[in-house]
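A.B. asks: Provided herewith is a single structure, encoded as structure tokens, for subsequent inquiry.
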Amino acid sequence: MTVPFGFYGNSLTSRYSCFGLLLFIFIAQTTALPLNDTNFEFESSSTESTSTPSLLENDEVKGPLTDHFVRWLENHGFDSLKFNRPDLGPYASFGGKIDDDDRVINSPVIFIHGNSDGALAIDGPYSSGYSSSISYFLKNGYKSSELYVTTWGDRNSTNAHLRIHSCRFLSYLRMFVDAVLEYTKADKINIISHSMGVTLARRIVKGGLLLSSDSYMGYCVLGQPLGNRVNVFIGLAGANTGMCNCAGADDILFPTCNKETGFWPGDYCGQNHLTCGDDPQPYPCTRPQYSQFLEDLNSDPYHLEGNFIASLWSHDDDILGHGCNVYGYPTPLIPNSNYYHILSGYNHMDTKDKTAAYQFNLINYRKIT
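Counted the way UniProt numbering counts, the sequence shown spans residues 1 to 369.
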């Protein structure tokens, strides 16, 4: 059995944009609430709280993209996109072959970071990137030619409340994925996404033609669905049905919370009004009407994110808050997930930084141990 669809709605309208987690941390400090697992059915799933597996020492991982990959990008029409992000330095990208003899053996892994984060770790809050994950993969048989990440934002946390799922970000990331597929000539890739990166990654894999306020003629063209080219898709601490800190007037105050393209979770669910984080809900509640972008993303059962979809989160997430529940449903749970795992005692960034072994095992064995 796979994750049921009912809560996610059935709208197929396409309008999009956002996820500004960092602004709301001061109101996201809540006691973790238990999830009632009896409401859902999963395949190959695990619900027990666990501690972090011991990780190998996290040596410094340094980019940027290899010269071989950069030259290839320049010669294949991707130069203007600057995936190596020279404006942000050597920690803003990673990946590529060393030379023409560097063979790609493992299915490449593409990492997609969240709001205000970046490719690799730098000083500052919410800036750990995927250094821990890449270090772990490198120490367990992977090469730089099989691991890829770029930075899609400016890494300035003061802009977190302004970032949306814009056509600019979606197109940039979709073209990065297309470039990796073409460059490596891999039949399939794997995707590991975190936070806002989860919903960005889901959209670019689903592809399609989207209505967009920041694109030419109001349309954002993301191409054909890529789900059949994705082996394993991992979503870490995403906000797939919105986040409760975006309820109420915040959808007006902060662009990242807007009702069209943001992380607005809905103000009503049945007779419940502004009870997003309550568990249980005061009255029976089937589903709220939430952000149009998320409604459209979640109501498409035909274009899945990959052959195997895994969702991980922590009840103690300090950004999503409320035990990660939105009107009684776990917002990090991707529809049609084949596997899910709930952590305990991890904050929002820990769910990415301290689960490298889990990520590796899911990619290679479709289980965490």
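Ideal Cβ placement from N, Cα and C applies to all residues, glycine included.
1) Among P335, V104, I342 and V326, which residue has its Cα nearest to the Cα of K185?
2) Suppose the cutoff is 6 angstroms on Cβ atoms and the five residues either side in sequence are ignored; what does the same chain contact list for F69 look like?
3) Taking the alpha-carbon of S212 as reference, which of N336, H194, L170 and I191 has the nearest alpha-carbon?
4) In whole angstroms, give me the CA-to-CA distance for P53 and I309.
5) With 16 other CB atoms within 10 Å as the buried threshold, where does E60 fall?
6) If we call anything under 7 angstroms between Cβ atoms a contact, is H348 one with A237?
7) What are the uninterrupted segments assigned as alpha helix (DSSP H) that are 4 or more residues long and contained completely in the stretch 214-295, given in chain order?
8) Taking the continuous beta strand (DSSP E) assigned at F111, which residues delimit it?
9) Nearest to E74 by CA position, among G114, G208 and Y183, is which residue?
10) Measuring only the C-alpha atoms, how far is T286 from L81?
11) Nearest by alpha-carbon distance to S166: which of M196, Y268, S131 and N240 is it?
12) Just to confirm, are V198 and I363 a CB contact at a threshold of 7 angstroms?
13) Quick check: the Cα distance between K188 and D279, rounded to an integer number of angstroms?
14) With DSSP collapsed to three states, give me the class of A310.
15) With distances taken from CA atoms, which of G218, N228 and D102 is nearest N190?
16) In terms of residue numbering, what span does the beta strand (DSSP E) encompassing S195 cover?
17) Would you tell me roughly how many angstroms separate the C-alpha atoms of K354 and S132, rounded to the nearest one?
C.D. replies: Based on what the coordinates show:
1) Taking only the C-alpha atoms, the option nearest K185 is V104.
2) Around F69: G96.
3) Closest option to S212, Cα to Cα, is L170.
4) The pLDDT assigned to P53 is 35, lower than 50, so where the model puts this residue is not dependable, and the model offers no usable value.
5) If you draw a 10 Å sphere on the C-beta of E60, you find fewer than 16 other C-beta atoms in it, and that means exposed.
6) The answer is yes: Cβ separation under 7 angstroms.
7) Runs of the alpha helix (DSSP H) inside the stretch 214-295: 250-253.
8) First-last of the beta strand (DSSP E) with F111: V109 to I112.
9) E74 has its Cα closest to that of Y183, out of G114, G208 and Y183.
10) Taking the straight line joining both Cα atoms gives about 43 angstroms.
11) Looking from the CA of S166, the closest CA among M196, Y268, S131 and N240 belongs to M196.
12) Remark: C-beta atoms of V198 and I363 do not approach each other more closely than 7 angstroms.
13) Approximately 40 angstroms, taken between the alpha carbons.
14) A310 falls in the strand class under three-state DSSP.
15) It is N228.
16) Element bounds for S195: n/a, residue is neither H nor E.
17) The C-alpha of K354 lies about 8 angstroms from the C-alpha of S132.
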